[in-house]
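>
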Amino acid sequence: MYPTGSPAPAVAAVRLAVRHAVADLPPGALVLVACSGGPDSLALAAATAFVAPRRALRAGLLTVDHGWDPASAARAEEVARQGRALRLDPVEVLTAHSARSEGAARDARRAALFAATERLGGAALLLGHTLDDQAETVLLRLARGSGARTLGAMSPRDGLVRRPLLGLRRDHTRTACRAEAFEPWDDPTNADEAFARARVRHSLLPALEEQLGPGIAEALARSADLLRADAEALDALADDAYAQLTGIADVPPGAGLPAGLDLDVNTLGALPSALRTRVLRRAALTLGASASALRAEHVWAMEALVTRWRGQQPVPLPSGVTARRRGDRIALVGPGRTGSGRRGTADGDSRGAGPTPADPRSSPRRRGAGRPDAEEGPQVSHAGVSMPDFDNARLGQRVRDDASPSRARRPEETLGEGDGEVTSIQATVTTMPGVAPALAGDIGEVLVSADEIAQRIDALAARVDADYAGRELLLVGVLKGAVMVMADLSRALRTPVTMEFMAVSSYGSATSSSGVVRILKDLDRSIEGRDVLVVEDIIDSGLTLSWLLKNLRSRHPASLEVLALFRKPEAITVDVDVRYVGFDIPSAFVVGYGLDYGEHYRTLPFVGTLTPEAIARGPRI
Numbered sequence: 045m046y047p048t049g050s051p052a053p054a055v056a057a058v059r060l061a062v063r064h065a066v067a068d069l070p071p072g073a074l075v076l077v078a079c080s081g082g083p084d085s086l087a088l089a090a091a092t093a094f095v096a097p098r099r100a101l102r103a104g105l106l107t108v109d110h111g112w113d114p115a116s117a118a119r120a121e122e123v124a125r126q127g128r129a130l131r132l133d134p135v136e137v138l139t140a141h142s143a144r145s146e147g148a149a150r151d152a153r154r155a156a157l158f159a160a161t162e163r164l165g166g167a168a169l170l171l172g173h174t175l176d177d178q179a180e181t182v183l184l185r186l187a188r189g190s191g192a193r194t195l196g197a198m199s200p201r202d203g204l205v206r207r208p209l210l211g212l213r214r215d216h217t218r219t220a221c222r223a224e225a226f227e228p229w230d231d232p233t234n235a236d237e238a239f240a241r242a243r244v245r246h247s248l249l250p251a252l253e254e255q256l257g258p259g260i261a262e263a264l265a266r267s268a269d270l271l272r273a274d275a276e277a278l279d280a281l282a283d284d285a286y287a288q289l290t291g292i293a294d295v296p297p298g299a300g301l302p303a304g305l306d307l308d309v310n311t312l313g314a315l316p317s318a319l320r321t322r323v324l325r326r327a328a329l330t331l332g333a334s335a336s337a338l339r340a341e342h343v344w345a346m347e348a349l350v351t352r353w354r355g356q357q358p359v360p361l362p363s364g365v366t367a368r369r370r371g372d373r374i375a376l377v378g379p380g381r382t383g384s385g386r387r388g389t390a391d392g393d394s395r396g397a398g399p400t401p402a403d404p405r406s407s408p409r410r411r412g413a414g415r416p417d418a419e420e421g422p423q424v425s426h427a428g429v430s431m432p433d434f435d436n437a438r439l440g441q442r443v444r445d446d447a448s449p450s451r452a453r454r455p456e457e458t459l460g461e462g463d464g465e466v467t468s469i470q471a472t473v474t475t476m477p478g479v480a481p482a483l484a485g486d487i488g489e490v491l492v493s494a495d496e497i498a499q500r501i502d503a504l505a506a507r508v509d510a511d512y513a514g515r516e517l518l519l520v521g522v523l524k525g526a527v528m529v530m531a532d533l534s535r536a537l538r539t540p541v542t543m544e545f546m547a548v549s550s551y552g553s554a555t556s557s558s559g560v561v562r563i564l565k566d567l568d569r570s571i572e573g574r575d576v577l578v579v580e581d582i583i584d585s586g587l588t589l590s591w592l593l594k595n596l597r598s599r600h601p602a603s604l605e606v607l608a609l610f611r612k613p614e615a616i617t618v619d620v621d622v623r624y625v626g627f628d629i630p631s632a633f634v635v636g637y638g639l640d641y642g643e644h645y646r647t648l649p650f651v652g653t654l655t656p657e658a659i660a661r662g663p664r665i
């Protein structure tokens, strides 16, 4: 029993965390709690309802209905009822229907929460992430080779967004709910090991605790705090270096993009690599490169123009930005520009310019790019090792877990070395050559351009040619999505090939794998004794492919391997041996280059995400 009038220790701990989080807000400010009805956010809502009036603050609650099942609307209304019972006001149920994927749901949820916060005039949006969530995020990002900024994971405060509970364990919030007789809702997807985070939560972290001893979650969260502090210091130094190189301290919101930038090679070369790469990232983003598509390999290629110069070709960057070396300058030009920029100005300089870089969303295949005899080609995944993957690497705005609408971020703030989670993506493209305007408006972000796809397929083909020299290869394409990959790969190969197609499905009309596999169209001939290469557009859960490989092995081919242009490591639920992988991408719902949503978007020349609005609306008829 606790002393009369004293709260349970867990309740007191949550209230204290909230009090610290809102201590700087002026009297009368509105604090909004994002609440799913789970123990973390429900304990947060109750603590906010207690603390806010004692700090002369107003407090409200927002809950989101994703429409994933028939009961979701009723659950959202129950959360709203709990909020009203706590005397929170306003209380709103926000509708943000999305595809059944972590990435799509997160995008839709954040967009709805941020829009409501701004509409209601909220001074802060409180999220219920705990220390356990932080530890899971660090592990997920570690697995993808992230840098200091993204391993810093979720920040306790970022503009409007505040996370009061990052110092508390999940046990605290559940105990607090029991102490106050709340009945939280346990989201079954949190236990569904089809999701990478659930596997980390229920399998990996317990295994680490068992093998290494207790305190793993606390240690990971502490590492995130230390790395975040280091990253902030490096970012500040990079800000100074960028201002020195360009004469531009910042680009105010709505100020427009400069035509180009010239950066001095000697000054860049004198910088430590950690600062140099940050400066180059920021320069590319300032000129309009898509933050979601700009990856570590792009920045390394730009850095090579400074540190490993040997007459390389210009470096094509996302969104039509190009970087090239001209003497002792690195010239970056924006989309549609033909020359180098001038230091510290927004005026382009077309003298001596090469050809305008093709639009990354619509350029045709370039034969030979990435072949062994090409000047510059991407590295290719072989023997199960993928090429450099998407880092929010996993990309940049990437808007991270700690993204906020409260202020315009500088480009480098939203693009770390890589983080693993696709987050809210802002559309940067309004017109796309060769794409119907109605469809172009549905694309949230171009993740992989047509040129990048072409180069990667050529590089994959070169690897396959080397492995199958002197043999005839049977390509087995998986309909319908693999048609584009199959066609382009077969033309890029020098090895003699024949082709067959199968149609197998575990999707039906849904947007996530069901695990129920059926053959819709079988092979037309025997594969016994043949060297078979299964060609896939994308590997999601791996359920369909795993079943297909077992089926094909029963037909006694001489060899059986897999080539996939895209793979989602987060979503994979079964072990599948994939010899050749083009790109590892986040577990977001993507379309284009054979990938569809309700049979639409397959013919887009690039691969990108759909906007939350397009997903919620459904395919265009």
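Quick note on numbering: this note's numbering labels position 240 of the sequence shown as 284, and the sequence is numbered without any gaps.
Ideal Cβ positions, reconstructed from N, Cα and C, are used throughout, including at glycine.
Can the beta-carbon of ILE583 be found closer than 7 Å to that of ALA608?
Going by C-beta atoms, ILE583 is nearer than 7 Å to ALA608.
> So, are the CB atoms of ALA124 and VAL108 less than 7 Å apart?
Taking 7 Å as the Cβ cut-off, ALA124 and VAL108 do not qualify as a contacting pair.
> Are at least three pairs of beta-carbons, each pair with one atom in the region 109-120 and one in the region 253-269, less than 8 Å apart?
Segments in contact, no.
> Measuring alpha carbon to alpha carbon, tell me which residue in ALA285, LEU183, ALA223, ARG207 is nearest GLU262.
When each option's Cα is compared against that of GLU262, the closest is LEU183.
> Taking a contact to mean a Cβ-Cβ separation below 7 Å, would you say VAL579 touches LEU604 in this structure?
No, the Cβ-Cβ distance between VAL579 and LEU604 is not below 7 Å.
> Are the CB atoms of GLY166 and PRO134 nearer to each other than 7 Å?
The answer is no: Cβ separation not under 7 Å.
> State the CB to CB distance for the pair ALA303 and GLY378, rounded to an integer number of angstroms; the pair is presumed to be in contact (CB under 8 Å).
The Cβ separation is near 6 Å, so the contact holds.
> Quick check for students: name the residue ranges of the alpha helix (DSSP H) that lie wholly in the region 236-305, counting only runs of 4 or more.
If we require 4 residues or more, the alpha helix (DSSP H) runs fully inside the region 236-305 come out as 240-243, 249-256, 260-290.
> Closest by CA to PRO208, which one among ARG569, HIS173, TYR512?
Nearest C-alpha to PRO208: HIS173.
> Go ahead and label ALA168 buried or exposed: buried means 16 or more other beta carbons lie within 10 angstroms of its beta carbon, across all protein chains shown.
The residue in question, ALA168, is buried, as its Cβ has 16 or more Cβ neighbours within 10 Å.
> Is it the case that the region 83-96 contacts the region 203-218, given that we only count it when at least three CB pairs across the two stretches are under 8 Å?
Result yes; three or more Cβ-Cβ pairs closer than 8 Å.
> Three Cβ pairs or more, each shorter than 8 Å: is that satisfied between the region 229-237 and the region 193-201?
Output reads no: the region 193-201 does not touch the region 229-237.
> Find the nearest neighbour of GLU572 within the set ALA367, LYS612, GLY111, PRO601, judged by alpha-carbon distance.
Nearest of ALA367, LYS612, GLY111, PRO601 to GLU572, Cα basis: PRO601.
> Among the residues of its own chain, which have a CB less than 8 Å from the CB of SER50, if the five just before and after it don't count?
Counting only Cβ-Cβ distances below 8 Å, and skipping sequence neighbours, we find ALA56.
> Thinking C-alpha only, which one of LEU210, LEU186, ARG574, ASP269 is nearest VAL541?
Ranking LEU210, LEU186, ARG574, ASP269 by Cα distance to VAL541 puts ARG574 first.
> What does a CB cutoff of less than 7 Å around TRP229 pick up in its chain, not counting 5 residues either side in sequence?
So the qualifying residues of the chain are GLY81, GLY82, ARG119.
> Between which residues of its own chain and ASP176 is the CB-CB distance below 7 Å, once the five residues before and five after are set aside?
Result list for ASP176: ARG213, ARG214, ALA261, in chain order.
> Please report the straight-line C-alpha distance between ARG370 and PRO358, rounded to a whole angstrom.
ARG370 and PRO358: Cα-Cα distance of roughly 10 Å.
> Would you grab the beta carbon distance between ALA140 and ALA156 for me? Rounded to a whole angstrom, and I think it's under 8 Å.
With a Cβ gap of about 4 Å, ALA140 and ALA156 count as contacting.
> Please report the straight-line C-alpha distance between LEU349 and ARG320, rounded to a whole angstrom.
Their Cα atoms are separated by approximately 12 Å.
> Count the other CB atoms, across all protein chains shown, that sit within 10 Å of the CB of ASP113; report buried if there are 16 or more and exposed otherwise.
ASP113 comes out exposed.
> Distance check for VAL508 and VAL529, CA to CA, integer angstroms please.
Those two C-alpha atoms are separated by around 14 Å.
> In this structure, does DSSP put LEU648 in helix, strand or coil?
Three-state result, LEU648: coil.
> Note down the Cα distance separating HIS110 from LEU654, rounded to an integer number of angstroms.
Approximately 16 Å, taken between the alpha carbons.
> Measuring alpha carbon to alpha carbon, tell me which of VAL205, ALA192, ARG222, PRO250 ends up nearest ASP279.
Here the closest residue by C-alpha is ALA192.
> Based on the DSSP secondary-structure assignment, which residues constitute the bridge partners of LYS565?
Per DSSP, ALA547.
> Between which two residues does the beta strand (DSSP E) harbouring PHE627 extend?
Taken as a continuous stretch (DSSP letters only), the beta strand (DSSP E) holding PHE627 covers 624-628.
> Please state whether the Cβ-Cβ distance between GLY638 and GLY521 is less than 7 Å.
Their beta carbons are not under 7 Å apart, which means GLY638 does not touch GLY521 by this criterion.
> Enumerate in chain order the residues of its own chain whose CB-to-CB distance from SER334 is below 7 Å, with the five nearest sequence positions on each side excluded.
If we look at SER334 and ignore the five residues flanking it on each side, its Cβ neighbours are PRO362, SER363, THR472, GLU489, VAL490.
> Under 7 Å Cβ to Cβ from ARG322, same chain only, skipping five residues before and after it: list those, please.
If we look at ARG322 and ignore the five residues flanking it on each side, its Cβ neighbours are LEU278, ASP279, ALA282, GLU456.
> Among the candidates ASP68, ARG163, SER116, GLU224, whose CA atom is the shortest distance from the CA of PRO53?
Per the Cα distances, GLU224.
> Given this structure, state the Cα-to-Cα distance separating SER267 from LEU164, to the nearest angstrom.
So the alpha carbons of these two residues sit roughly 36 Å apart.
> When the Cα of ARG669 is compared with those of ASP568, MET546, LEU130, LEU74, which residue comes out closest?
Beyond the ends of the chain as shown, which are 45 and 665, falls residue 669; an answer cannot be given.
> Output the distance between the C-alpha atoms of GLU657 and LEU519, rounded to the nearest integer angstrom.
Approximately 38 Å between the Cα atoms of the pair.
> By DSSP, does PHE633 sit in helix, in strand, or in coil?
Note: PHE633 maps to coil in three-state DSSP.
> By the DSSP assignment, the beta strand (DSSP E) with ASP109 in it spans what residues?
First-last of the beta strand (DSSP E) with ASP109: 102-109.
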